Every structure is written in structure tokens, then in C-alpha cells.
């Protein structure tokens, strides 16, 4: 079967909405659609600007006031199904379950565990990744206290093991952070306004801690209350009540705080004027801040393509492009009926009373595509691989399939291009090897060109 198109009829209706068709050409015919799709997919996969706090957007909060009126630190289970909060009001660790991981609006209080026997002013906590150990630091004893959990992540099974004093370096330790392999621990405090780094010769065993060095954050924060490292050790974040903000630092040598360089900050004052603790989702797309002014956990989105203005615009443009790709642009282009006659499908030259033949000489004709719509019946294009002839040019045809039942409409758009050369005005466009399972099916097609003077 073939499709024969009379050029005059096609040009008559195509020129009526030239702007719309040009947009289709610019997006689809020029290959820009695929490029943009690939770029956006790359952005989505990489989650642009993750770990960059300049892209933070406040999302929501959850109150912990019923359990502690002065929360100081928080820690999430790696899968986001639990969060733990420690505070000096109850001198305990409070455990919450999240029915939707990382969504604090789904938090439900579960249980608590008192650390008062070791520390009556607990300020910070950290867990071993498997949930078999938890560490508490406080300002009364200036110690890191280590506990074992017989059931991972269940604080009711905590048993005290040992402690390690940090008083020689910091007499007001506010929080601590362990390197993921347990070979380093970092303590931040407001006496020295610095981060103190310790090595552990036996991972996770605080009795093997040895002080190494410190790094001052006083230029950015005079009362640092918590710290958090990016999993690869190339960034560290410090929150404090002096600036009410999160300060971001880059480390040229991972985990070596002597190589810290300040980068930028993000204010949380609109939600919390006494921020005490922070925690990042492992992929860097969310950060959580707890504080004693609002007694809330505050959730922020961090630099995802959804939150950054430029990337939002790209996403919106892509959605517009998809409208063209999905053939929604048919609202702006007239459709020309086609009908069966023997083994040939014809686009009617009588569809427009304005149909005129246009000489090819001095014109560039670009075939932008066609839209095939099955309205009723069971029409199936079983093989559309062939050659599309435009004048003396040969263009590979597109393979596609259309299936439809009664009252089902399905649109397909394929972009093709070529140059109509002089002396070939009467030559039809031919698409070969098309079969219909129901020859009497009602079908409509749109074929359109761009006509440019040359």
C-alpha cells in the first residue's frame, strides 16, 4: 500500500498554523527533543546540586515537644524508617517510627531510653551504621558514652559499655559524628568553637580514641551545636545558635579537617532561632534541623531539580515538549481525511478549498511529520519500514504500529525532513509496506510541511 499526498492541499492547511509547526520542527525535527530529554534524565539521575545547601527549600516540621522541650540532636536510621532525638529536658533518647521513609509528617512516637545514669545533659547522639551501638555526648561529664544494642535500632535493648573524655579539648561538647567505617570521630563544641578530630585504632571502640587535630569555625559560628559530614568526607556542615544557620565547608583531603575551606551558608531562622542538631538524608537531597525554640524537627529539600529555579524551568519546558511528542499539538493543525481505494491510501486534495499547487523552484519543503489517528475499527499498521520520497531526495521512513478498537483514538507523530527539488512538483510522497487488518476502518491523517523561500 502507499500514501499519496497532493502538495497543494497540504501546504494550504499547514501554513495556517505555521508557528505551531515551526515549534514542532525546532523541538523534534532538529533532534533537540532527544538532547533535552537526555540532559534532563542526567539531571534527575545525578539529582543536581545535592549536598549544596544554597538550594534548600523548607518543606515541613514535626513537633517533639510531647517528649522533650529542649531537643538537641537527631539521628535517622539509614532507611529513613526511624528517627531518634536526644535532649536535656528528659535526659533520654526518644525513638520515632516513620510510616513513609524520610517524611517526618508520618512520625509516630515509639519509646525512650534514659541516659541519666551516665549524662544528665545529653547534647548529641550517633549510631553505628548497623544499629548495634549508640553514642551519647554531654556537657555535664564531657564524655562520649558508648552503648550496645542487643536488637539493632531498638533503644529499649541499650546497655552501657564505656566512655571517653573529651574535656582536654572541649568542655562544652555539643555533638559528635563518626566516619562511616568507625575509624574517626569528630566532636564540635562551643568552648573552643571548633571541630575536634580523633582517630580510633579499633573501629567503633571509643577506648581507643586518640586526639589528632582541630579546625576553628569561629569565623562563621561562635556557638556551634552540631556537625554532619558528606558520606565521602569531602564536605562538613556545622549548625549553630549564633548565626541560626547551616555552614558548609569543603575538604580538599576527605576526612582531614585541617583542609576545610568555608563555602556558603543557609539560614534556618525562619523556622528555628535556636538550631541544635542537623542530619542529612544519605543521598543529600534532604536535611533535617532540630531546635529548642520550636521543639520541632524541620525538614528541607536540598538542591534537587524540583527545588532549583533553573531546573524547574527546564522541567516545565520538557513537559511542553512532551505535549508535542504525544501529538497533543493536533488541536492547532487541521486533519485531512484519507480513504481506502484498492491498495492505495490517499490524502484528500479536497480537504481545503484554499488548496493551490506551489512550484518547487525557489522553495524549500521540509516534511515535518504526520499524525495518524484511528477512530473506529481495528486498523493496524503492521509494517511501515520503507522509503519516503520527497522529490529527488530519499529519506528513511519510521517504523510504527497503531492498534485501535471502537471509539479509541491514538495519535503518533514522527518527524522527517527533506528538500523538495525543482521539477518534482507532481511526485507524490510514498510510504511503502503498510497493511490494514480492517480495510474499512475509519482513519484520519495529517501530513504537514514547512515551505521556506530560498
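Numbering (my numbering), first residue to last: 666 to 1119.
In this text, a Cβ means the ideal position worked out from N, Cα and C, and glycines have one as well.
None of these values were measured; they are calculated from a predicted model.
Just to check my reading of the structure: residue i and residue j have Cβ atoms closer than 8 Å, yes? What is that Cβ distance to the nearest angstrom?
i, j, result
"residue 829", "residue 809", "5 Å"
"residue 879", "residue 859", "5 Å"
"residue 849", "residue 835", "Going by Cβ atoms, the distance from residue 849 to residue 835 rounds to 16 Å, so no, they are not a contact pair."
"residue 951", "residue 767", "6 Å"
"residue 855", "residue 889", "6 Å"
"residue 942", "residue 933", "Incorrect: roughly 11 Å between the Cβ atoms, too far for contact."
With a CB to CB cut of under 6 Å and the five nearest residues on each side skipped, what residues in its chain are close to residue i?
i, result
"residue 741", "748, 944"
"residue 883", "858"
"residue 719", "929"
"residue 832", "807"
"residue 913", "718, 902, 928, 929"
"residue 926", "915"
"residue 776", "760, 821"
"residue 721", "931, 965, 967"
"residue 887", "858, 907"
"residue 843", "791, 850"
"residue 811", "800, 826, 827, 871"
"residue 688", "Legend: pLDDT at residue 688 = 40, less than 50; position of this residue unreliable, value from coordinates given subsequently. So no residue of the chain qualifies."
"residue 946", "767"
"residue 922", "860, 862, 880"
My output table needs one value for residue i: the three-state DSSP class, helix, strand or coil.
i, result
"residue 804", "coil"
"residue 905", "strand"
"residue 821", "helix"
"residue 1028", "Residue placement at residue 1028 is poorly supported in this model, since its pLDDT is 36, which falls under 50; the coordinates still yield a value, given next. Correct three-state label for residue 1028: strand."
"residue 796", "coil"
"residue 789", "strand"
"residue 720", "helix"
"residue 1088", "Residue placement at residue 1088 is poorly supported in this model, since its pLDDT is 35, which falls under 50; the coordinates still yield a value, given next. If DSSP states are grouped into helix, strand and coil, residue 1088 belongs with coil."
"residue 937", "coil"
"residue 952", "strand"
Given residue i, which residues of its chain have a CB within under 7 Å of its CB, disregarding the five upstream and five downstream residues?
i, result
"residue 790", "738, 740, 749, 751, 758, 799, 800, 801"
"residue 924", "916, 917, 918"
"residue 816", "822"
"residue 746", "762, 763, 766"
"residue 853", "839, 840, 860, 889, 891, 892, 903"
"residue 867", "873"
"residue 725", "769, 770, 964"
"residue 628", "Because the chain in this structure spans residues 666 to 1119, residue 628 falls outside the shown range and cannot be described."
"residue 797", "813, 814, 817"
"residue 877", "862, 863, 864"
"residue 899", "915, 916, 919"
"residue 869", "793, 798, 847"
"residue 754", "733, 734, 735"
Ignore the nearest five residues each way along the sequence and tell me which others in residue i's own chain have a CB closer than 8 Å to its CB.
i, result
"residue 772", "727, 748, 761, 762, 763, 962"
"residue 756", "779, 780, 781, 784, 785, 786, 787"
"residue 794", "743, 845"
"residue 960", "728, 729, 730, 733, 734, 735, 736"
"residue 958", "937, 938, 939"
"residue 935", "723"
Shorter than 7 Å, the distance from the beta carbon of residue i to the closest heavy atom of the ligand FMN, or not?
i, result
"residue 866", "Absence of the ligand FMN is noted for the structure shown, with no ligands found whatsoever."
Output yes if chain B places a C-beta closer than 8 Å to the C-beta of residue i; else output no.
i, result
"residue 763", "Any reference to chain B falls outside this structure, which holds one protein chain only."
On the three-pair Cβ rule with 8 Å, is the segment 907-915 touching the segment 863-875? no
Practice task
Mind listing, in chain order, the continuous beta strand (DSSP E) runs of no fewer than 3 residues lying wholly within the segment 860-922?
Solution key: Complete beta strand (DSSP E) runs here, min 3: 874-881, 889-894, 900-905, 910-916.
Discussion item. Quick check on the DSSP output: what are the complete beta strand (DSSP E) runs of length 3 or more inside the segment 738-772, in order along the chain?
Written reply: 747-752, 757-763
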